[in-house]
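*Asks:*
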Amino acid sequence: MVNMERIVLVALLAATVVGFCSPGAIALGDNPSVIIVGAGMSGISAAKSLSDAGITDILILEATNRIGGRMHKTSFAGLSVELGANWVEGVGGDEDNPIWEMVNKLELDTFYSNFDNLSANIYKQEGGLYNADVVQEALELAENVEEISENISNALIAHGENDISVLTSQRLADHVPTSPLDMVLDYYTYDYEFAEPPRVTSLQNTAPLPTFANFGEDIYFVGDSKGYESVVHHIAKQFLTTDDNGNITDLRVKLNKVVTEINYKADGVVVTTEDGSTYEADYVMVSVSIGVLQTKLINFVPILPPWKILALYKLDMGVYTKIFLKFPYKFWPTGNGTEFFLYASERRGYFAPWQHLENEYPGSNVLLVTATDDESRRIEQQSDSETKAEIMKVLRKMFGNHIPDATDILVPKWWSNRFYKGSFSNWPIGVSRLDYEEIRAPVGRVYFTGEHTSEHYNGYVHGAYLAGIDSANMMISSVNKQKVPNQEHRDFI
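Here the sequence shown stands for residues -19 to -1, 1 to 474, numbered as in mature numbering (1 follows the signal peptide of the UniProt record, and there is no 0).
Okay, structure coming up:
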C-alpha cells in the first residue's frame, strides 16, 4: 500500500512538471507572494521563471553579501579566479547546453580543456615522468573497465536490478586500481568529476553520465574577469530592476539575510532571519545546498516529515577544493599538451590533478591543484601555510629542489562555510529515482530547488539552472489549482 502511494505521488508530480515545462505567461488570478531562500543559480532561475509566468510578488533572501552562490569570483595575485564552479561541462553534442549559450552570449573568455596528452604528463611519487607507453596502456585498461561498467549499468537498468557502486563494477570487471599509477588515473576519472571516490558513487546514475551523453563531451574553462557568476547576474537582470550602470537595485533582493526558520501552514509561510526579521508569503522556495539542508541552520516548523528528511539525508554533499598558487617564475612545462598533469602517490588523491593556467592567464605563473572529499576536509582544518608546505614538497618531488616557493596561495573553504557546507552534490549508492522525486517534492507550501534536485544533472551549473525552472513550474501548477497531493501528512513507512 505504501509503495503504491509513493508511486502515485511520483506520477502526479511528473505529470505536473510535464504539463508546465514551457515558459510563458499564464492566467493566475490573484498574484501570489513567494519568498526565495538563496540567490544562487537555482534561486535566481526559479525567480525568473515565476516572474515570466506572472508571479512578480517575489522576495529573495540571500545569506551572503552577493548573488551567485557557488559561482563566485575573487581576486588572487592580480587575477580574477573562480572559487567555485569553473567549467562549462557538456558542449558539442546534439543538445545545446543552456549555460554554454549564455556564456557565449555574454562573450565570456573560455578555454577548451584538452586532456588528450595526459599519458605524457604523469609524475611518479618520488619524481620523474612515467613512460608514456606505460601510461597509455594503463589508460586503455581504465577506459576498457569504464566501458564494461557502462554495459553493466545498462544491464542493471534494463532488468530492474538494484544499483551498485562504481567500485563494485570495477570488481566485476576484475580491475580494482591499487598501484599509484592506476589509482591516480582512477582519481582523475571519478573523484575529479564527482568529488567522491568510486566506492561511494552510484553506477547507474553516472554510467553513462547524462551531461556528456546529452550535451557533448567537450569541457571549457571559464577564465574571464567578469566572472562565471555574471551568468547568474544575466538571468537576474531579465526580471530585476537595475541602475544605469547595470547594478541590481531591486528592493525584492535582500542581502545578508540568513534564514533560520521557515514556519509553514496550510494558508502560507513565515520566514525568520538571523537578525530577527520576519517575512510572510503564500509560498517559499528553498534553494540552499543539500549540505545546508543536512544541518540545523534552517529550522522547519513543523519539522519536515520523515520521508522528506530521509530523502535529503541520503544524498551526499561533495567537497571539491581548487587551490591556486602563484610563483615568481615558471618551472613546469608549457606549450601544447602540457596544461594538465597528474601526481601519482601511493596516498590516493594526494594533490593529484594539476593544471597550469598559462593559456587562461598568460605570464601569470599560476598553478591550480585540486583536492576532494576527505583531503579537502583535512586541508580546511589546517592553516594555509601548512597546506602550502605540503604542496611544495609534492612539487619538489616532481620538479626538483631548486624550484621557488609559492608567493601566494588561495585555498577555498566550502565545507567550513555554514552557508554551503560543500561544493556540489554527488549521487551515492543507495539513492533511487524515487528518492530523487522526494528530494525535489514540495511539503505543503514549501518548495525545494538546487542542483541537488536535478535528476539528470546534479552537481553541474546547468543542473542548477534547469532545476530552478523545474521547481518553479511545480509551484506554478499549484498556484493554478492543479491537484498536487499535500504530502505533509504522508506516512513514513
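Every residue, glycine too, gets a C-beta built ideally from N, C-alpha and C.
Under a Cβ-count criterion, where at least 16 other Cβ atoms within 10 Å of its own Cβ denotes burial, should Gly5 be classed as buried or exposed?
*Replies:* Position 24 of the sequence shown, counted from the first residue, corresponds to residue 5. Caution applies to Gly5, whose pLDDT of 37 falls short of 50 and renders its modelled position unreliable; the model cannot decide the point.
*Asks:* Quick check on this structure: which residue in Ile390, Lys394, Trp313 and Asp75 has the alpha carbon closest to the alpha carbon of Phe380?
*Replies:* As a first step, residue 380 is located in the sequence shown; it is residue number 399 there, counting from the start. Comparing Cα positions, the closest option is Trp313.
*Asks:* Smallest Cα separation from Leu162: which of His140, Leu120 and Glu177?
*Replies:* The residue you call residue 162 lines up with position 181 of the sequence shown. For the residues His140, Leu120 and Glu177, the minimum Cα distance to Leu162 belongs to Leu120.
*Asks:* Could you check where the beta strand (DSSP E) with Ala262 kicks off and where it finishes?
*Replies:* For the purposes of this step, residue 262 is identified with residue 281 of the sequence shown, where counting begins at 1. Run containing Ala262: Thr259 to Ala262, per the beta strand (DSSP E) assignment.
*Asks:* At what residues does the alpha helix (DSSP H) containing Trp288 begin and finish?
*Replies:* Residue 288 sits at position 307 when you count from the first residue of the sequence shown. It spans Pro287 to Lys295 - the alpha helix (DSSP H) in which Trp288 sits, taken as one unbroken run.
*Asks:* Residue range of the alpha helix (DSSP H) that Gly71 falls in?
*Replies:* Start at 1 with the first residue of the sequence shown, and residue 71 comes out as number 90. Gly71 -> not in any alpha helix (DSSP H); beta strand (DSSP E) instead, spanning Trp68 to Val72.
*Asks:* Whose C-alpha, out of Leu291, Val282, Gln275 and Thr55, is nearest the C-alpha of Gly204?
*Replies:* The residue labelled residue 204 in the question sits at position 223 within the sequence shown. The residue with the shortest Cα to Cα distance from Gly204 is Thr55.
*Asks:* What are the start and end residues of the beta strand (DSSP E) that includes His214?
*Replies:* Sequence index remark: in the sequence shown, residue 214 carries index 233 (1-based). That residue, His214, is in no beta strand (DSSP E); its alpha helix (DSSP H) goes Ser211 to Ala217.
*Asks:* Ignore the nearest five residues each way along the sequence and tell me which others in Arg358's own chain have a CB closer than 7 Å to its CB.
*Replies:* On the sequence shown, position 377 is the one that residue 358 refers to. Val300 and Trp396.
*Asks:* Which residue from Ala66, Lys402 and Tyr169 puts its Cα closest to that of His443?
*Replies:* Along the sequence shown, read from residue 1 onward, the residue named residue 443 stands at position 462. Comparing Cα-Cα distances from His443 to each of Ala66, Lys402 and Tyr169, the minimum goes to Ala66.
*Asks:* Please determine if the stretch 223 to 238 and the stretch 40 to 57 are in contact, where contact requires at least 3 C-beta pairs separated by less than 8 Å.
*Replies:* Yes: at least three Cβ pairs fall under 8 Å.
*Asks:* Under 7 Å Cβ to Cβ from Val375, same chain only, skipping five residues before and after it: list those, please.
*Replies:* Locating residue 375 in the sequence shown gives position 394, counting from the first residue. Cβ within range, chain order: Tyr324 and Phe332.
*Asks:* In the DSSP assignment, find the beta strand (DSSP E) that holds Tyr446 and state where it starts and stops.
*Replies:* Here the question's residue 446 lines up with position 465 in the sequence shown. First-last for Tyr446: Val442 to Val460, but that is the alpha helix (DSSP H), not the beta strand (DSSP E).
*Asks:* Where does Val181 sit, in a helix, a strand or coil, going by DSSP?
*Replies:* As a working note, residue 181 is residue 200 in the sequence shown. In the structure shown, Val181 sits in coil (DSSP, three-state: anything other than H, G, I, E or B).
*Asks:* Buried or exposed for Pro423, going by 16 or more other Cβ atoms inside 10 Å?
*Replies:* If you number the sequence shown from 1, residue 423 lands on position 442. When all chains shown are included, Pro423 counts as buried.
*Asks:* Name the two residues that bound the continuous alpha helix (DSSP H) containing Tyr417.
*Replies:* Taking the first residue of the sequence shown as position 1, residue 417 is located at position 436. Unbroken alpha helix (DSSP H) run through Tyr417: Arg414 to Arg421.
*Asks:* Judging by CA-CA distance, which residue of Tyr264, Ser160, Val267 and Ser258 is the nearest neighbour of Gln106?
*Replies:* As a first step, residue 106 must be located in the sequence shown, where it is residue number 125. Here the closest residue by C-alpha is Ser160.
*Asks:* Given a threshold of 16 other Cβ atoms within 10 Å of its Cβ, counted over all protein chains shown, does Gly109 qualify as buried or as exposed?
*Replies:* As a working note, residue 109 is residue 128 in the sequence shown. The residue in question, Gly109, is exposed, as its Cβ has fewer than 16 Cβ neighbours within 10 Å.
*Asks:* Need the endpoints of the beta strand (DSSP E) that Glu63 sits in, please.
*Replies:* Indexing the sequence shown from 1 puts residue 63 at position 82. Run containing Glu63: Leu60 to Glu63, per the beta strand (DSSP E) assignment.
*Asks:* Exposed or buried, which one is Lys86 when buried takes at least 16 other CB atoms within 10 Å?
*Replies:* In the sequence shown, the residue the question calls residue 86 occupies position 105. So Lys86 counts as exposed.
*Asks:* Between the alpha carbons of Thr37 and Asn461, how many angstroms are there, rounded?
*Replies:* Counted from its first residue, the sequence shown places residue 37 at position 56. Counted from its first residue, the sequence shown places residue 461 at position 480. Thr37 and Asn461: Cα-Cα distance of roughly 15 Å.
*Asks:* Can you tell me which of the three DSSP states Pro393 falls into?
*Replies:* For the purposes of this step, residue 393 is identified with residue 412 of the sequence shown, where counting begins at 1. Of the three classes helix, strand and coil, the one that applies to Pro393 here is coil, per DSSP.
*Asks:* Would you check if there are 3 or more beta carbon pairs closer than 8 Å linking the stretch 362 to 373 to the stretch 249 to 269?
*Replies:* No, they do not touch.
*Asks:* Residues in its own chain within less than 8 Å of Glu128 by CB, not counting five upstream and five downstream?
*Replies:* Numbered from its first residue, the sequence shown carries residue 128 at position 147. Excluding sequence neighbours, Glu128 sits near nothing in its chain.
*Asks:* In whole angstroms, what separates the C-alpha of Met456 from that of Tyr428?
*Replies:* For the purposes of this step, residue 456 is taken as the residue at position 475 of the sequence shown. For the purposes of this step, residue 428 is taken as the residue at position 447 of the sequence shown. Taking the straight line from one Cα to the other gives about 7 Å.
*Asks:* Could you check if Asp97 is buried or exposed, using at least 16 other CB atoms within 10 Å of its CB as the buried criterion?
*Replies:* Taking the first residue of the sequence shown as 1, we reach residue 97 at position 116. Answer is exposed; the Cβ neighbour count stays below 16.
*Asks:* I'd like to know whether the C-beta atoms of Val282 and Asn244 end up nearer to each other than 7 Å.
*Replies:* Here residue 282 is taken as the residue at index 301 of the sequence shown, counted from 1. Here residue 244 is taken as the residue at index 263 of the sequence shown, counted from 1. A contact, by the Cβ cut-off of 7 Å.
*Asks:* Could you work out which residue in Asn135, Leu40 and Ala247 is closest to Ser459 when comparing CA atoms only?
*Replies:* On the sequence shown, position 478 is the one that residue 459 refers to. Looking at the Cα atoms, Ala247 is the closest of the given residues.
*Asks:* Identify every residue that forms a DSSP beta bridge with Asp365.
*Replies:* Translated into positions along the sequence shown, residue 365 becomes position 384. According to DSSP, which records beta bridges pairwise, Asp365 is partnered with nothing at all.
*Asks:* Quick check on the burial criterion: 16 or more other C-beta atoms within 10 angstroms. Buried or exposed for Tyr310?
*Replies:* For the purposes of this step, residue 310 is identified with residue 329 of the sequence shown, where counting begins at 1. It counts as exposed.
*Asks:* What separation, rounded to the nearest whole angstrom, lies between the Cα atoms of His433 and Asn317?
*Replies:* Counting from one through the sequence shown, the residue named residue 433 turns up at place 452. Counting from one through the sequence shown, the residue named residue 317 turns up at place 336. One C-alpha to the other measures close to 36 Å.
*Asks:* Quick check: what's the CA-CA separation for His53 versus Glu174?
*Replies:* Your numbering for residue 53 matches position 72 in the sequence shown. Your numbering for residue 174 matches position 193 in the sequence shown. Going from the Cα of His53 to the Cα of Glu174 covers about 19 Å.
*Asks:* Among all the DSSP beta bridges, which residues are the ones paired with Met298?
*Replies:* As a first step, residue 298 is located in the sequence shown; it is residue number 317 there, counting from the start. Met298 is bridged to Ser406.
*Asks:* Look at Ile216 and Ile25 and say whether their C-beta atoms are less than 7 Å apart.
*Replies:* In the sequence shown, residue 216 corresponds to position 235, counting from 1. In the sequence shown, residue 25 corresponds to position 44, counting from 1. Their beta carbons are under 7 Å apart, which means Ile216 touches Ile25 by this criterion.
*Asks:* Could you pull out every residue in the same chain whose Cβ sits closer than 6 Å to the Cβ of residue 475, ignoring the five residues on either side in sequence?
*Replies:* In the structure as shown, the chain starts at -19 and stops at 474, and residue 475 therefore has no counterpart that could be examined.
*Asks:* Using only CA atoms, which one of Leu64, Thr187 and Gly249 lies nearest to Asn398?
*Replies:* In the sequence shown, the residue the question calls residue 398 occupies position 417. Among Leu64, Thr187 and Gly249, the Cα nearest to that of Asn398 is on Leu64.
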